[in-house]
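Residue numbers (the numbering used here), protein chains in the order written: chain A, 13 to 225; chain B, 13 to 225.
One structure is given below, encoded as structure tokens.
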DNA sequence: CTTTGTATTAACAATTTTGTTAAACATTGT
DNA sequence: ACAATGTTTAACAAAATTGTTAATACAAAG
């Protein structure tokens, strides 16, 4: 009668499936993923997978939910920093965001693909983060305007800035497999390249917002 | 005995399938695409589809080939301009590239997804464009270095510059469905937003390469 | 030690999807 | 007219994939 009878074991099985599913969905997308393949990777029969998660759909939602909130969080927390100057907060935010994407390089493409193929499903999700985004944007824009008036930086629309930062940071990883074979030695050492790219992105944005004299 | 008996009709059928297939593959990817759906959209029986293209795979390759060469071409021609100064060539190239992506907004994601899911297949394709890229890069880098020595612009690695431009231009469209609902009125008018974004991308890169005094 | 709910397996069912085939149909050159 | 070749249809076959079920094992509680 105890639901948690064998909690360790159960968590193991369920967790094994979730881990395998995460990898399968992130690398192959919903359509390319196979429940049999997930079960095989997890080392369970595919009936077990259906026992725990009923349908492929439900298993997928579990993965999507965790990845989405992580993604949204990363983009927002990077710029909510404490009592630094706005310019330094932006500089630090770019780096933080870059590092997050570097540690979850498949996530952006996964999220983008998923939203494109089933946009209607994410209305609820959007509503949940909308207010947070609005307030972050308002604060950021206010600080930018204030700093601009003091001549510390260029006046710029915070949303444009946001898009530019995400573009530079995310595209690096999204297009990595596409560019790597074309760039010869330039991207051969991934770590070296990513460090240079990180610095380049920061430099690009810093110059964009630097006050013109 | 004439293979081209009813050439108009045949081209119509074959072309109808190709057009429908292009749309299906670009919007749903290989795994999400259904040959029955393609046939239905094209207004032919699904046996017809197999008659003309034998397999889903072969039909897909027809689409991929055309899209890939277009994509590669766009990235390369944008910067091969005539006798302008290098700075003006770059400025113009960003705009040209942006406009190309604007007219083919689904292509980058399609190409990236395809390369990620079957990288091994594109070795031949890469070899074909490798030499062109190498020569474009060499010329661009040489012109940049010369201009930098004359103090007309900042010295910068041409490949880094290339990646930044592609990031800014492509990400705008790749992430459009993701950002649009989050940005409120900002992206409501697509045309207005894209024009502003185009200008912003040019401005960002121009500031990046502007000579520091 | 029986009951009860959960975990597990193996076999199977249902559906979807791709691909084939044989026969009917059409067109054109001779 | 008719042979030859390409086109089209409808029905079918094969495979893959998701999902179900019935039987059984197991662990814990009473």
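Backbone N, C-alpha and C define an ideal beta-carbon position, used for all residues, glycine too.
Through-space distance from residue 150 of chain A to residue 148 of chain B, alpha-carbon basis: Residue numbering aside, residue 148 of chain B sits at position 136 when the second chain is read from its first letter. Residue numbering aside, residue 150 of chain A sits at position 138 when the first chain is read from its first letter. If I take the Cα positions, the gap works out to 43 Å.
Assigned exposure category for residue 105 of chain A - 16 Cβ within 10 Å defines buried: Position 93 of the first chain, counting from 1, holds the residue named residue 105 of chain A. Flag for residue 105 of chain A reads buried.
Option in B/131, B/111 and B/99 with minimal Cα separation from residue 187 of chain A: As a working note, residue 187 of chain A is residue 175 in the first chain. When only C-alpha atoms are compared, the closest one is B/131.
As assigned by DSSP and simplified to three states, the class of residue 165 of chain B: As a first step, residue 165 of chain B must be located in the second chain, where it is residue number 153. Three-state result, residue 165 of chain B: strand.
Against chain B: residues of the region 80-102 of chain A by CB proximity under 7 Å: none
Residue 118 of chain A and residue 38 of chain A closer than 7 Å at C-beta: Position 106 of the first chain, counted from the first residue, corresponds to residue 118 of chain A. Position 26 of the first chain, counted from the first residue, corresponds to residue 38 of chain A. Going by C-beta atoms, residue 118 of chain A is nearer than 7 Å to residue 38 of chain A.
Assigned exposure category for residue 173 of chain A - 16 Cβ within 10 Å defines buried: In the first chain, counting from the first residue as 1, residue 173 of chain A sits at position 161. Classification for residue 173 of chain A: buried.
Integer Cβ distance of residue 190 of chain B from residue 214 of chain A, believed to fall under 8 Å: Stepping through the second chain from its first residue, residue 190 of chain B is reached at position 178. Stepping through the first chain from its first residue, residue 214 of chain A is reached at position 202. 23 Å between Cβ atoms; not a contact.
Residue-level contact to chain B via CB, residue 49 of chain A, 7 Å cutoff: As a working note, residue 49 of chain A is residue 37 in the first chain. Answer no: the Cβ-Cβ gap between residue 49 of chain A and chain B never drops below 7 Å.
Short-range partners of chain B found in the region 171-191 of chain A, where Cβ spacing is below 8 Å: 171, 172, 175, 176, 178, 179, 180, 182, 183, 184, 186, 187, 189, 190 and 191
Partner residues on chain B for residue 110 of chain A, Cβ-Cβ distance less than 9 Å: Reading the first chain from its first residue, position 98 is the one you call residue 110 of chain A. None at all; the shortest Cβ gap to chain B is about 12 Å.
Through-space distance from residue 112 of chain A to residue 86 of chain A, alpha-carbon basis: If you number the first chain from 1, residue 86 of chain A lands on position 74. If you number the first chain from 1, residue 112 of chain A lands on position 100. Each residue's Cα considered, the two are about 7 Å apart.
Cut-off 7 Å between Cβ atoms - residues of its own chain near residue 41 of chain B, not counting five sequence neighbours on either side: Start at 1 with the first residue of the second chain, and residue 41 of chain B comes out as number 29. Answer for residue 41 of chain B: 125, listed in chain order.
7 Å Cβ cutoff, residue 163 of chain B in contact with chain A: Translated into positions along the second chain, residue 163 of chain B becomes position 151. No - not a single Cβ of chain A is within 7 Å of the one on residue 163 of chain B.
C-beta atoms of residue 177 of chain B and residue 145 of chain B nearer than 7 Å: Start at 1 with the first residue of the second chain, and residue 177 of chain B comes out as number 165. Start at 1 with the first residue of the second chain, and residue 145 of chain B comes out as number 133. No, the pair does not count as a contact, with Cβ atoms beyond the cut-off.
Extent of the continuous alpha helix (DSSP H) run through residue 107 of chain A: Numbered from 1 along the first chain, position 95 holds the residue referred to as residue 107 of chain A. Start and end: 98-115.
From A/44, A/33 and A/73, residue whose alpha carbon lies closest to that of residue 58 of chain A: As a position in the first chain, residue 58 of chain A is number 46, starting the count at 1. Measuring from the Cα of residue 58 of chain A, the nearest candidate turns out to be A/33.
Cβ contact (3+ pairs, closer than 8 Å) linking the region 159-170 of chain A and the region 87-101 of chain A: yes
Counted within 10 angstroms of its Cβ, other Cβ atoms place residue 212 of chain B as buried (16 or more) or exposed: Sequence index remark: in the second chain, residue 212 of chain B carries index 200 (1-based). Counting Cβ neighbours within 10 Å, residue 212 of chain B comes out buried, since at least 16 surround it.
Residues of its chain near residue 50 of chain A, where Cβ-Cβ distance is below 7 Å and the 5 sequence neighbours each way are ignored: Counted from its first residue, the first chain places residue 50 of chain A at position 38. Answer for residue 50 of chain A: 29, 32, 33, 36 and 61, listed in chain order.
Beta carbon proximity, residue 219 of chain A to chain B, threshold 7 Å: Residue mapping note: residue 219 of chain A aligns to position 207 of the first chain, counting from 1. With 7 Å as the cut-off, residue 219 of chain A counts as an interface residue toward chain B.
Own chain, CB closer than 8 Å to residue 120 of chain A, minus 5 neighbours either side, in chain order: Position 108 of the first chain, counting from 1, holds the residue named residue 120 of chain A. Once the five neighbours on either side are set aside, the close Cβ partners of residue 120 of chain A are 83, 113, 182, 185 and 186.
Whole-angstrom distance between residue 81 of chain A and residue 75 of chain A, CA atom to CA atom: Residue 75 of chain A sits at position 63 when you count from the first residue of the first chain. Residue 81 of chain A sits at position 69 when you count from the first residue of the first chain. Each residue's Cα considered, the two are about 11 Å apart.
Within chain A, the residues that residue 60 of chain B reaches when beta carbons sit closer than 7 Å: By 1-based counting over the second chain, the position of residue 60 of chain B is 48. Going along chain A, no residue has its Cβ under 7 Å from residue 60 of chain B, so there is no contact; the nearest lies around 24 Å.
Endpoints, the alpha helix (DSSP H) within which residue 71 of chain A is located: Within the first chain, numbered from 1, the residue matching residue 71 of chain A stands at position 59. First-last of the alpha helix (DSSP H) with residue 71 of chain A: 68-89.
Proximal residues to residue 110 of chain A (C-beta, below 6 Å), its chain only, five neighbours per side dropped: Position 98 of the first chain, counting from 1, holds the residue named residue 110 of chain A. Excluding residues within five positions, the ones whose Cβ falls inside 6 Å are 181 and 210.
Reference residue 63 of chain B; option with closest CA among B/102, B/199 and B/47: Translated into the one-based positions of the second chain, residue 63 of chain B becomes position 51. The residue with the shortest Cα to Cα distance from residue 63 of chain B is B/47.
CB contact below 7 Å: residue 75 of chain B versus chain A: Stepping through the second chain from its first residue, residue 75 of chain B is reached at position 63. Closer than 7 Å: no.
Near-chain B residues of the region 27-40 of chain A (beta-carbon distance less than 9 Å), N- to C-terminal order: 39 and 40
CB contact check: residue 67 of chain A to chain B, cutoff 7 Å: In the first chain, counting from the first residue as 1, residue 67 of chain A sits at position 55. Taking Cβ atoms only, chain B never reaches closer than 7 Å to residue 67 of chain A, which makes this a no.
Which of helix, strand or coil DSSP assigns to residue 26 of chain A: For the purposes of this step, residue 26 of chain A is taken as residue 14 along the first chain, with counting starting at 1. DSSP places residue 26 of chain A in helix when its eight states are reduced to three.
Residues bridged to residue 222 of chain B [DSSP beta-bridge criterion]: Taking the second chain and counting its residues from 1, one reaches residue 222 of chain B at position 210. Its beta-bridge partners are B/165.
Proximity below 7 Å, CB of residue 103 of chain A to CB of residue 220 of chain B: Your numbering for residue 103 of chain A matches position 91 in the first chain. Your numbering for residue 220 of chain B matches position 208 in the second chain. No, the Cβ-Cβ distance between residue 103 of chain A and residue 220 of chain B is not below 7 Å.
Residue 223 of chain A versus residue 164 of chain A - alpha carbon distance: Locating residue 223 of chain A in the first chain gives position 211, counting from the first residue. Locating residue 164 of chain A in the first chain gives position 152, counting from the first residue. Cα-Cα distance, rounded: 6 Å.
CB contact below 7 Å: residue 212 of chain B versus chain A: Along the second chain, read from residue 1 onward, the residue named residue 212 of chain B stands at position 200. Interface residue, yes.
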